[in-house]
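Read in order, the letters of the sequence shown are residues 0 to 320 in numbering that gives the first Met the number 0.
Each residue gets a CB set at the ideal place from its N, CA and C atoms; glycine is no exception.
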Amino acid sequence: MLKYLVVLLDDTSVSYCHYENQKTERKLIALEDLQAGILFAMKQNLMIQFVYPDYELPQEYKDAIHSIDHANIVPASLTKDADVVVVDGLTDENPEEYQGASAVVFRVQKDELFANYKCLIPFLEKLERLNVVITDVETFSDDDLQTYQALLSDLSEVVESEYTKCHAVQFNLLTDRMMLSAMNNCNAGDENITLVSDGKFYVCPAFYQAETATTIENKAQSIGDLKSGLNVRNPQLYKLSHAPICRNCDANQCKRCVWLNRKMTLEVNTPSHEQCIVAHTERNVSRNLLQNIRKHGVFMPEIEIKEIAYLDPFENKEEWQ
């Protein structure tokens, strides 16, 4: 069931996920389409997330946006009224500049994270919510996992220390799994869809902004428009119940990115080996972090993260029910 509508206010709106935005020319959504999208969300009882470009919007657009409850996802250059601030690359900037936001998202490549992950420590100490998105997760090799596990273990010590100070920082790579007893994925195409500048709906921003295909091929990627409504082809494929690997997995923090699925395996409901081993490395360090926090007192007693002997759940397929 749909819960969220993501609205790209411009073709150049910031990417807050794995993909790189391939669109470089500004194309602001028509005001009438913005208003129609807001009306659509109201009729469907959807929460709206507006995704901003790197420039100031006209006043009439701001007025339309403020006509409904919403969340603002903005690039780091526009922190005013931001709910989520997106930063490309790691930075030594003062984390207090972002303390007005509900969350800060760092989009980083694997090698940059490996080399400079300690830049995250001041943000973990000052912010309430920090997300790290690895933009080239598909390049992970089995040999990278030891490095990734080591840096996560270092950061988990920082998180543990913050919890002992009664600062319950949320860090997607480590604390999300500790809080979850069931899958909490992105669920694009099932619980959320995206409206873009041409008045069409897409499964998520990546299916529009990351595509370099022709106009005809891009048209085939859309799942409807404001005039004719939604037309999601094979909608069951976006549901967890029709993802045989993911529904037998307990890396509940994994975003189960359907765009990466399609990119890597050509199937929106089938994750790549790379996604799975990264998610399970995070899961295992989260298990250790949970146990370490519990040494200081009672914490999330209802959550159990079992010890496992695999990183790719496909290796454990004999145990699937």
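If you check the CB distance, K26 and S221 do not come in under 8 angstroms. For the alpha helix (DSSP H) assignment, the uninterrupted runs of no fewer than 4 residues enclosed by the stretch 36–101 are, from N- to C-terminal side, 58–64. Under the 8 angstroms Cβ criterion, the stretch 233–247 does not count as touching the stretch 43–52, having fewer than three qualifying pairs. Per the coordinates, the alpha-carbon of V13 lies some 13 angstroms from the alpha-carbon of A81. The shortest CA-to-CA distance from R246 to any of E281, D189, A181 is the one to A181. Excluding sequence positions up to five before and after D87, its CB lies within less than 7 angstroms of the CB of R106, all in the same chain and listed in chain order. In the structure shown, D9 adopts extended strand secondary structure according to DSSP, grouped into three states. The three-state secondary structure of F170, taken from DSSP, is strand.
The beta carbons of N260 and T269 sit closer together than 8 angstroms. For T280, the uninterrupted alpha helix (DSSP H) segment begins and ends at 272–293. Between F200 and L123, the gap from beta carbon to beta carbon reaches 8 angstroms or more.
Listed in chain order, the non-local C-beta contacts of D175 below 6 angstroms within the same chain comprise Q252, local neighbours out to five positions each way being set aside. Taken through DSSP and simplified to helix, strand or coil, Y309 comes out as coil. The shortest C-alpha to C-alpha distance from T280 to any of C185, V158, T264, L172 is the one to L172. Beta-bridge partners of V104 (DSSP): V85, N130.
Counting every other CB atom within 10 Å of its CB across the protein chains shown gives E273 a total of 16 or more, marking it as buried. According to the DSSP assignment, I120 belongs to the alpha helix (DSSP H) that extends over 120–125. Assignment of beta-bridge partners to L27 by DSSP yields D9.
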